[in-house]
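Encoded as structure tokens, the structure appears first; notes follow it.
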Amino acid sequence: FFASSRRDVKMLKKELPLRKQMGSEIAWLEKKEIAEKFHLEAPAALLSGLAAQVDAFQLTHALLQKIKELGGKVFDTTTVSSIEHPKEGGIRLQTEEGFTINARKLVMAAGYESQNYLPDKKIIKLNSTYALISKPFPENGDLWQRNSLIWETAHPYLYLRTTADNRILVGGKDEPFYNPAKRDALLERKREKIEKEFKKLMPHLSLTTDFYWAGTFAETKDGLPYIGQIKQMPDTYFALGFGGNGITFSVISAEIIRDNFLGKPNADEKIFSFNR
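So this is what it looks like as structure tokens:
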């Protein structure tokens, strides 16, 4: 996590003890050490000893397979057209295919589209984000030290990671989201911008773009997810892991909602509630 400019060094110095306090293995890097280990210029950086990256596609399918193993059912091409709350309690879902689903509880984990069911649309802000992936690099071994995940302090930021087949994925340069057409109209310009920023950051690596794309994500004013219930939708539990930490927030959501189902108190529940 490197400082994009000298004025951000002070912020990183405040971040360092906080991460140590939370038990993270963290090191402070000066300009010379950053250049030696990562071949990029930055005035300072934080280097975490532990990080992870996953293949989101494979992870999603693995989770769905686990649900099936545990006795659940997966209907991946089914669209819910309406949600009803009968007087006798529970939930009734109608699908576009003409089926009715009755349940005692409903978990709403539909990403940013979940805002369609929220009475207050202002609690989240939508952004467009852009990314590209390079053609495979011929070099054997790491492209920089341990192929660490790289992120900068600037806003809009740039992030970098590598893949198992020796590609580099670069993304960021977010914009406020208006509609898919406007988002996609910026795609070529954003690709050029990301390529230019990468070349400036790592001029020793000759990156050739293979694929590039755009997406939409949501964030909240305080950067925290919304987890729990709203009074307008009884027996419905929202798992809205908005922001850049969706996997972490999803685990927290699962733990809180599980405890809600079991009638157990959860110490973190109020932190992420809609009433915070």
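Sequence positions in the sequence shown follow my numbering and run 1 to 276.
Virtual Cβ for every residue (Gly too), placed ideally from N, Cα, C.
Item	Value
Using the beta-carbon count (16 or more within 10 Å), is Glu152 buried or exposed?	buried
Please name the residue in Val80, Leu205 and Ala35 whose C-alpha comes closest to that of Ala110.	Val80
Kindly indicate which three-state DSSP category Phe217 falls into: helix, strand or coil?	strand
Run through the DSSP bridge pairs and tell me what Lys125 is partnered with.	Glu219
Which value, in whole angstroms, describes the spacing of the CA atoms of Asp120 and Pro225?	15 Å
Does the stretch 201-218 come close enough to the stretch 99-106 that 3 or more CB-CB pairs lie under 8 Å?	no
Per the contact definition of three or more C-beta pairs closer than 8 Å, is the stretch 150-166 in contact with the stretch 209-223?	no
Given this structure, state the Cα-to-Cα distance separating Gly98 from Asp76, to the nearest angstrom.	15 Å
Counting C-beta neighbours from all protein chains within 10 Å, is the total for Ala35 16 or more, i.e. buried, or is it exposed?	exposed
Using a beta-carbon distance below 9 Å, is Gln115 in contact with chain D?	Given the protein chain composition of this structure (a single chain), no chain D is represented.
State the beta-bridge partners of Thr162 as determined by DSSP.	Ile168
For Arg6 and Tyr157, what's the separation of their Cα atoms in angstroms?	15 Å
Per DSSP, Met108 is paired with what?	Phe238
Beta carbon of Ile83: closer than 8 Å to some heavy atom of the ligand HEM?	This structure lacks the ligand HEM; in fact it carries no ligand of any kind.
Could you please give me the residues that DSSP links to Ile26 through a beta bridge?	Ser48
Can you give, in chain order, each stretch of the alpha helix (DSSP H) that sits fully within the stretch 51-113 and has at least 4 residues?	56-69
Within the same chain, show all residues whose beta-carbon is closer than 6 Å to that of Leu47, passing over the 5 residues directly before and after it, in chain order.	Ala27 and Leu29
Suppose the cutoff is 8 Å on Cβ atoms and the five residues either side in sequence are ignored; what does the same chain contact list for Gly265 look like?	First, the residue type needs correcting, since residue 265 is Pro and not Gly in the sequence shown. Around Pro265: Asp259.
Quick one: what's got a C-beta closer than 6 Å to Ile133's C-beta in the same chain, skipping five residues either side?	Arg167, Leu169, Asp210 and Phe211
Check whether the Cβ atoms of Asn116 and Phe217 lie closer than 9 Å to each other.	no
Where does Ile34 fall in DSSP's three states?	helix
Looking at C-alpha atoms only, which residue of Ser148, Asp184 and Lys32 is the closest neighbour of Ala44?	Lys32
On the premise that Ala239 lies in contact with Ser250, defined as a C-beta separation below 8 Å, what is that separation, rounded to the nearest angstrom?	7 Å
Grab the span of the beta strand (DSSP E) containing Ile227 for me, first residue to last.	Tyr226 to Gly228
Using CA coordinates, which residue listed in Glu113, Glu84, Ser114 and Lys193 is at the minimum distance from Thr100?	Glu84
Under 9 Å between the Cβ atoms of Glu269 and Ile227?	yes
What residues in its chain sit with their C-beta under 6 Å from that of Lys37, if we drop five residues either side in the sequence?	Gln145
Thinking C-alpha only, which one of Asn102, Glu96, Lys73 and Val74 is nearest Gln86?	For the sequence presented, residue 86 should be read as Pro rather than Gln. Of Asn102, Glu96, Lys73 and Val74, the residue nearest in Cα terms is Asn102.
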